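**Q**
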Amino acid sequence: MQVTVNSVATDVADDTTVATLVAERGGRHDRIAVARNGDVVPRSSWAATQLSPGDDVEVLAPTAGG
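For the sequence shown, this note's numbering begins at -9 and goes up steadily by one.
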């Protein structure tokens, strides 16, 4: 199925969860926030949050700056 991840159309397996998507993208899970269709997905819900075709997902990591 196709979802949008950080404004890029992305093909993922039909059974993909937020946790699976984050794991496949790499990075440190303790420093990532995820929003699905504009709503923040709590880390405790990542494994239970199934993606659906057309979902808009933002995977955000903090950046240093000043």
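Just so it is clear, CB atoms sit at the ideal spot from N, CA and C, and this is done for glycine as well.
Note that the structure is predicted; figures quoted are calculated from it, not measured.
According to DSSP, is residue -7 helix, strand or coil?
**A** Looking at residue -7 - three-state DSSP - the assignment turns out to be strand.
**Q** Per DSSP, what are the beta-bridge partners of residue 26 in this structure?
**A** Partner(s): 29, 47.
**Q** How long is the line joining the alpha carbons of residue 22 and residue 43, rounded to whole angstroms?
**A** Their backbone Cα atoms lie some 22 Å apart in a straight line.
**Q** Which class does residue 8 belong to by DSSP, given the choice of helix, strand or coil?
**A** DSSP places residue 8 in helix when its eight states are reduced to three.
**Q** The beta strand (DSSP E) with residue 1 in it runs from where to where?
**A** -2 to 1 is the span of the beta strand (DSSP E), which, as asked, contains residue 1.
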